[in-house]
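Student: Protein chains in written order, with my numbering: chain Z, 1 to 265; chain F, 1001 to 1253. All C-beta atoms, glycine included, are put in the ideal place defined by N, C-alpha and C. Below you'll find the structure I mean.
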Amino acid sequence: MSQIEAFKHAQPVPDDIAVSTRNICKTYGTVEALKDMTLEFPRGQLTSLLGPSGCGKTTLLKIIAGLLPPTSGEVTVNGKPVTGPGPDRAFVFQDFALLPWATVLRNVAFGLELRGVARSEREDIAARYIREVGLSGFEQAYPHELSGGMRQRVGLARALSVDAQVLLMDEPFSAVDEQTRRKFQEDLLALVQNENKTFIFVTHSIEEAVYVSDQIAILLPRPSRVSEIIRPTGFRQKSADSIRRDPEYLDIVDDIWASLRSYVE
Amino acid sequence: MVYRPLFLKLLSALILFGAWEIAGRIPVSYAFPTFLDSAAALWRMTIDGSLFVAYAETLKPLVTGVAISTVLGIGLGIWIGLSRVFDWLFSPIFVVMQSAPLAALIPLLVMAYGIGLTSKVFVVCIMAMPVIVLNTAGAVRHTPENIKAMCSSFMGTRIDMLFKIIIPAASPLIFSGLRLGISAGFIGAILSELKITPTGVGDIITFSRSIADYPSMYAAIFSIIVLAVLFLNLLERTEKHLFKGNDRGYVSD
Chain Z
1 MSQIEAFKHA QPVPDDIAVS TRNICKTYGT VEALKDMTLE FPRGQLTSLL
51 GPSGCGKTTL LKIIAGLLPP TSGEVTVNGK PVTGPGPDRA FVFQDFALLP
101 WATVLRNVAF GLELRGVARS EREDIAARYI REVGLSGFEQ AYPHELSGGM
151 RQRVGLARAL SVDAQVLLMD EPFSAVDEQT RRKFQEDLLA LVQNENKTFI
201 FVTHSIEEAV YVSDQIAILL PRPSRVSEII RPTGFRQKSA DSIRRDPEYL
251 DIVDDIWASL RSYVE
Chain F
1001 MVYRPLFLKL LSALILFGAW EIAGRIPVSY AFPTFLDSAA ALWRMTIDGS
1051 LFVAYAETLK PLVTGVAIST VLGIGLGIWI GLSRVFDWLF SPIFVVMQSA
1101 PLAALIPLLV MAYGIGLTSK VFVVCIMAMP VIVLNTAGAV RHTPENIKAM
1151 CSSFMGTRID MLFKIIIPAA SPLIFSGLRL GISAGFIGAI LSELKITPTG
1201 VGDIITFSRS IADYPSMYAA IFSIIVLAVL FLNLLERTEK HLFKGNDRGY
1251 VSD
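Structural data, given as structure tokens:
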């Protein structure tokens, strides 16, 4: 087998790390929200942060985003330490965080607007991503005219249009209805495959985490720590609709629930 | 904003003027003219130009005072909303100003600034500014956290945050403060002309009352109300034009 042949079958090298957190601690007064959190996020893959509420998963995500400073410890993105928000990361918010006074087009282009991209250029880029998330024809609509699912598509298009290598998603599908959520999860699988980006995905849904993730970090609360890293591999290559029937998928869901159940009051 | 059909607006005006006419004809008081008499007086003052002469005088303190209150009020309000120290320093002044019995303070103003335009502008400002400042400050303080976080996460600067997030988000409350403040400014302008020196519309009111020409007096009062309503409508249009999507509240509500 020639070398070029061999490269074709190469899987992403597991030590190609896009984002890593080292010994992150975060305290609010006397409350310890995160303790000694060390995690690595492989490039081009989707890592979920999964855990019961109050386990600090959103706090960790905001620290990676640079929205919150850690009390101690370090986050690095592509080897460079994080000191604040940067062009290498884009955030998708749980409650969408759209500007109610701006059209879909301006909302999607807003990330680029803040980066000083000229109007015609940023609107071209935004229009392309609006098409990509399936919102063509809604460019001039205002957020209040859209359904919850459509609003989150706007949030997603805004994060994609700044072309950051790392996408941080804070329970992005928790505020949309069940059917839309399933569609979103399937779309997310395709997105991870097509875009060469690193996804960090916070969720409280075990099924959702197992369905979309290359790697799942299980966090436990009080103080928050990583209890386990799971890498579902068997069904990753399967088609979107057969994953939910895969025995490995079902086993992992059961295992995670068994280990989390005692922490849920 | 609720869309009000023209028909309903006309109907409510008709009911109001009808009630006024009836009350004038009973009469509820010797000093209360009918609507038709007042309308005739208004027409007469418009034709002979005395109304315009009066307004040229009244609008001076009114426009100056409202302009100062708007610019300074919104500016101070934003600052108070952003800074705790500034809030501690200045908020009490405006709370006191809002609840102070203004008519009782006018003699003090006259002693300090005389009987000219300055005192009258002060009266307008004292009436108009507190509600503008306090509304703006409150709105700025309560900017939704999620869109502020969004702005920082996409690397917005502090200037971006102020002009693209905080001010547009606060605009509905700023405008409601302006509506209340400017109507109070109209009251202040008339009050100053009644209490300091009788000029402009205040002069028409004082003079007509002294010679018992009640229709003219009510015509002057009526005209200032009409002017205030027209101005507030203009303000509402400006707001709708500037912040189109804002009139339906927040998407995350």
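Tell me whether Tyr1329(F) sits in a helix, a strand or coil according to DSSP, three-state version.
Tutor: There is no way to answer for residue 1329(F), as the model of chain F reaches only from 1001 to 1253.
Student: Taking Gly1156(F) as the query, report the chain Z residues whose CB atoms sit under 7 Å from its CB, ordered along the chain.
Tutor: Leu114
Student: Can we say the segment 1210 to 1225 of chain F touches the segment 1138 to 1153 of chain F, given the rule of at least three CB pairs closer than 8 Å?
Tutor: Contact fails: fewer than three Cβ-Cβ distances are below 8 Å.
Student: When you compare the segment 1168 to 1183 of chain F with the segment 1101 to 1109 of chain F, are there three or more beta-carbon pairs, one atom per stretch, that lie closer than 8 Å?
Tutor: no
Student: For the alpha helix (DSSP H) containing Ile1276(F), name the first residue and the last one.
Tutor: The displayed coordinates of chain F run from 1001 to 1253. Any statement about residue 1276(F) would go beyond what the structure contains.
Student: Return the residues of the segment 80 to 103 of chain Z that lie within a Cβ-Cβ distance of less than 9 Å from chain F, sorted by chain order.
Tutor: The residues in question are Gly84, Pro85, Gly86, Pro87, Arg89, Ala90, Phe91, Phe93, Gln94, Asp95, Phe96, Ala97, Leu98, Leu99, Pro100, Trp101, Ala102 and Thr103.
Student: Would you mind sorting Val1096(F) into buried or exposed? The rule is 16 or more other CB atoms within 10 Å of its CB.
Tutor: exposed
Student: Of the residues Leu188(Z), Leu39(Z) and Glu228(Z), which one's Cα is nearest the Cα of Ser272(Z)?
Tutor: The structure shown does not extend to residue 272(Z), since chain Z spans only 1 to 265, so no value can be given for it.
Student: Report the partner residues of Cys25(Z) according to the DSSP bridge assignment.
Tutor: DSSP lists Ser72(Z) as partners of Cys25(Z).
Student: Using a Cβ cut-off of 7 Å, which residues of the segment 115 to 146 of chain Z contact any Cβ in chain F, in chain order?
Tutor: Arg115, Tyr142, Pro143 and His144
Student: Can you find a CB in chain F that lies within less than 7 Å of the CB of Gly111(Z)?
Tutor: yes
Student: By the 10 Å Cβ neighbour count, where 16 or more other Cβ atoms means buried, how is Val13(Z) classified, buried or exposed?
Tutor: Caution is warranted here: a pLDDT of 47 is assigned to Val13(Z), below 50, making its placement in the model unreliable, and the coordinate value is therefore given only provisionally. Its Cβ having fewer than 16 others within 10 Å, Val13(Z) is exposed.
Student: How big is the Cα-Cα spacing for Ala1139(F) and Ala1170(F)?
Tutor: 5 Å
Student: Between which two residues does the beta strand (DSSP E) carrying Pro247(Z) extend?
Tutor: No beta strand (DSSP E) holds Pro247(Z); the alpha helix (DSSP H) holding it covers Pro247 to Leu260.
Student: Could you tell me whether any Cβ in chain Z is nearer than 7 Å to the Cβ of Ala1149(F)?
Tutor: Taking Cβ atoms only, chain Z reaches closer than 7 Å to Ala1149(F), which makes this a yes.
Student: Report yes or no: is there a C-beta of chain Z within less than 7 Å of the C-beta of Ser1176(F)?
Tutor: no
Student: Please state the DSSP three-state secondary structure of Arg222(Z).
Tutor: Of the three classes helix, strand and coil, the one that applies to Arg222(Z) here is coil, per DSSP.
Student: What does DSSP give as the partner residue(s) for Met1155(F) in the beta ladder?
Tutor: Looking at the DSSP assignment, Met1155(F) forms no beta bridge with any residue, so it has no partner.
Student: Could you tell me if Gly1114(F) is buried or exposed, where buried requires 16 or more neighbouring beta carbons within 10 angstroms of its beta carbon?
Tutor: exposed
Student: Strictly below 8 Å CB to CB, what residues from chain Z border Lys1244(F)?
Tutor: Neighbours of Lys1244(F) on chain Z, chain order: Trp101 and Tyr142.
Student: Mind pulling the chain F residues with CB within less than 8 Å of Ala65(Z)?
Tutor: Ser1153
Student: Check whether chain Z comes within 7 Å of Asp1160(F), counting only Cβ atoms and requiring the distance to be less than that.
Tutor: yes
Student: Smallest Cα separation from Glu228(Z): which of Ile24(Z), Glu32(Z), Asp177(Z) and Gly51(Z)?
Tutor: Gly51(Z)
Student: Alpha carbon to alpha carbon, how far is Ala141(Z) from Trp101(Z)?
Tutor: 10 Å
Student: How big is the Cα-Cα spacing for Val77(Z) and His144(Z)?
Tutor: 35 Å
Student: Which residues in chain A have a C-beta closer than 7 Å to the C-beta of Asn1146(F)? List them in chain order.
Tutor: This model lacks chain A altogether, as its protein chains are Z and F.
Student: In chain order, which continuous runs of the beta strand (DSSP E) of length 3 or greater are located wholly inside the segment 72 to 140 of chain Z?
Tutor: 72 to 77 and 89 to 92
Student: Strictly below 8 Å CB to CB, what residues from chain Z border Pro1005(F)?
Tutor: Within chain Z, no residue comes near Pro1005(F); the closest Cβ sits about 23 Å away, beyond 8 Å.
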